[in-house]
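Q:
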Amino acid sequence: MKPLIVLFSLLVTVSACSFQSSQTKPAEVKASPLDEMIDVGGYRLHINCSGQPISGSPTVVMDAGGYDSSESWSKVQPEIAKFARVCVYDRAGLGKSERRPGSSYPSQEVVKDLHTLLANAHIAPPFVLVGHSFGGMNVRLYASQHPEEIVGMVLVDSVHEDEMNRWVAMLPLDVKQRMTDAEKAQLARLAISEGQVRAAHWRSDIPLVVLTHGVVNPADYGIPSMVAKGEALRLEMQGALARLSSRSKHIIAEKSGHYIQRDQPELVIDSVRQVVEATRTSGRKHF
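253 is the number that our numbering gives to position 273 of the sequence shown; each next residue is one higher, with no gaps.
(1) Can you tell which of Asp200, Glu78, Val155 has its C-alpha closest to the C-alpha of Gly21?
(2) Going by the beta-carbon positions, is the gap between Arg146 and Leu213 smaller than 7 Å?
(3) Name the DSSP beta bridge partners of Met217, please?
(4) Give the secondary structure of Glu163 by DSSP, where H, G and I count as helix, E and B as strand, and everything else as coil.
(5) Let me know if Pro106 comes out buried or exposed under the rule of 16 or more other beta-carbons within 10 Å of its beta-carbon.
(6) Is it buried or exposed, Gly82, if we count other Cβ atoms within 10 angstroms and call 16 or more buried?
(7) Quick one: using the 10 Å Cβ neighbour count with 16 as the cut-off for buried, is Leu226 buried or exposed?
(8) What do you reckon, are the CB atoms on Arg65 and Thr39 nearer than 7 Å?
(9) Give me whichever residues DSSP pairs with Phe107 in a beta bridge.
(10) So within the stretch 170 to 241, which uninterrupted alpha helix (DSSP H) runs reach at least 4 residues, ignoring any that extend past its ends?
(11) Using a Cβ-Cβ cutoff of less than 7 Å, which residues in the same chain neighbour Ile249 once the five nearest sequence positions on both sides are dropped?
(12) Closest by CA to Pro152, which one among Leu74, Ile203, Ala258, Gly36?
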């Protein structure tokens, strides 16, 4: 497989609330599980929520990688539901959701759909957002546009908006010259989302955990000479993501490839738990 296509697949499969402190366990609020198709303006998106809402605690909302459905969270959602209300959904055209008109579906449209979906499903903020791969760009754009709703975030081997441009610039000239029209079209579509996220300039002081894969798959880079350069670039970009909040943790998933939620689900679960617990106190303690 061509190196550009391989890494592109990796990257995009790779798409003001306050809380009162309490010395007692937060009270649970009874709610039925939600598994429905919700209209967001001419088409319906699938959403699934589990776990009981807890007074003074946020709802966890998870956005999958570029071409993945909500099933990618199947190993982590049931465990997160034991300590928080958690919702997963399918973006338009994926999983059970209906296909949205038009071929382009950049991050701005994803954010608009998700905001409408949560409102129409009567799922109220505050939220802790969790994004894998391309979903990591989506949740950051959401946070930049609706900061009053977001109190925490977990990025699971997320794409950085500058990563693809820098990767392409590093490719040997002969590889770039062999790019097909389809590859160029893919890059152009991704560039729209990258530009939207870049323009948002999201920075915050919310609890943030950045999870980065620790297992290198040489096949992701197509040609052996690019593996070390590609991994160095990815680690640099992951570090940049961790610096987006003044209250962040950067964790290397030593036993995981790109799908940390499948390889080390307990690491994602624990990261979400840490962020949720950090939002349950009013103090600004070091995270």
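Cβ atoms here follow ideal geometry from the backbone N, Cα and C, with glycine treated the same way. Note that the coordinates shown come from a computational prediction; the quantities given were computed from them, not determined experimentally.
A: On the basis of the supplied data:
(1) Here residue 21 refers to the residue found at position 41 when the sequence shown is read from its first residue. If we check each option's Cα against that of Gly21, Glu78 comes out closest.
(2) Here residue 146 refers to the residue found at position 166 of the sequence shown. Here residue 213 refers to the residue found at position 233 of the sequence shown. Yes. Within cutoff.
(3) Residue mapping note: residue 217 aligns to position 237 of the sequence shown, counting from 1. Answer is none; Met217 lacks a bridge partner.
(4) Here residue 163 refers to the residue found at position 183 when the sequence shown is read from its first residue. Looking at Glu163 - three-state DSSP - the assignment turns out to be helix.
(5) By 1-based counting over the sequence shown, the position of residue 106 is 126. The residue is buried, with at least 16 neighbouring Cβ atoms inside 10 Å.
(6) Locating residue 82 in the sequence shown gives position 102, counting from the first residue. When all chains shown are included, Gly82 counts as exposed.
(7) Here residue 226 refers to the residue found at position 246 of the sequence shown. Reading off the sequence shown, one finds Ser at residue 226, where the question assumed Leu. Looking at its Cβ environment, which holds fewer than 16 other Cβ atoms inside 10 Å, Ser226 is exposed.
(8) In the sequence shown, residue 65 corresponds to position 85, counting from 1. In the sequence shown, residue 39 corresponds to position 59, counting from 1. Yes. Within cutoff.
(9) Counting from one through the sequence shown, the residue named residue 107 turns up at place 127. In DSSP, Phe107 forms a bridge with Thr39, Ile130.
(10) 207 to 222
(11) On the sequence shown, residue 249 is found 269 positions in, with the first residue counted as 1. Taken in chain order, the residues that qualify are Val56, Glu59, Ile60.
(12) If you number the sequence shown from 1, residue 152 lands on position 172. Nearest of Leu74, Ile203, Ala258, Gly36 to Pro152, Cα basis: Ile203.
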